[in-house]
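For the sequence shown, our numbering gives the first residue as 72, with consecutive numbering after it. Backbone N, C-alpha and C fix where the C-beta goes; we use that ideal spot for every residue, glycine too.
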Amino acid sequence: MLPHLHNGWQVDQAILSEEDKVVVIRFGHDWDPTCMKMDEVLYKVAEKIKNFTVIYLVDITETPDFNKM
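Pasting the structure below:
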């Protein structure tokens, strides 16, 4: 299971606190079929890229802070 970020502060902290890895954040709806496919792909590659990447999921219904960006 990939970790979810539940508010704007958590998103900001995930980005700001990571100095050595690329931060990948999937913004979308957890129920959306396209996002579900992307989540599956990200989950499958997460182990292979864990040394240089960290992956998070953000449901934009729960965390609307970034909807207008």
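Residue i, enclosing alpha helix (DSSP H) - first and last residue
i, result
"Asp110", "104-120"
"Ile86", "79-88"
CB-CB length for residue i against residue j, believed under 8 Å
i, j, result
"Asp110", "Arg97", "7 Å"
8 Å Cβ shell around residue i - same chain, five flanking residues per side excluded
i, result
"Ala85", "Leu76, Val94, Ile96, Val125, Tyr127"
"Ile131", "Phe98, Gly99, His100, Phe137, Asn138"
"Glu89", "Val125"
"Trp80", "none"
Spatially closest choice to residue i from the options, by CA coordinates
i, options, result
"Leu73", "Leu87, Asn122, Val112, Glu133", "Val112"
"Lys92", "Lys108, Ile120, Pro135, Asn78", "Ile120"
Bounding residues of the beta strand (DSSP E) (the contiguous stretch that carries residue i)
i, result
"Asp130", "124-130"
"Asn98", "The displayed chain sequence assigns Phe, not Asn, to residue 98. Run containing Phe98: 93-99, per the beta strand (DSSP E) assignment."
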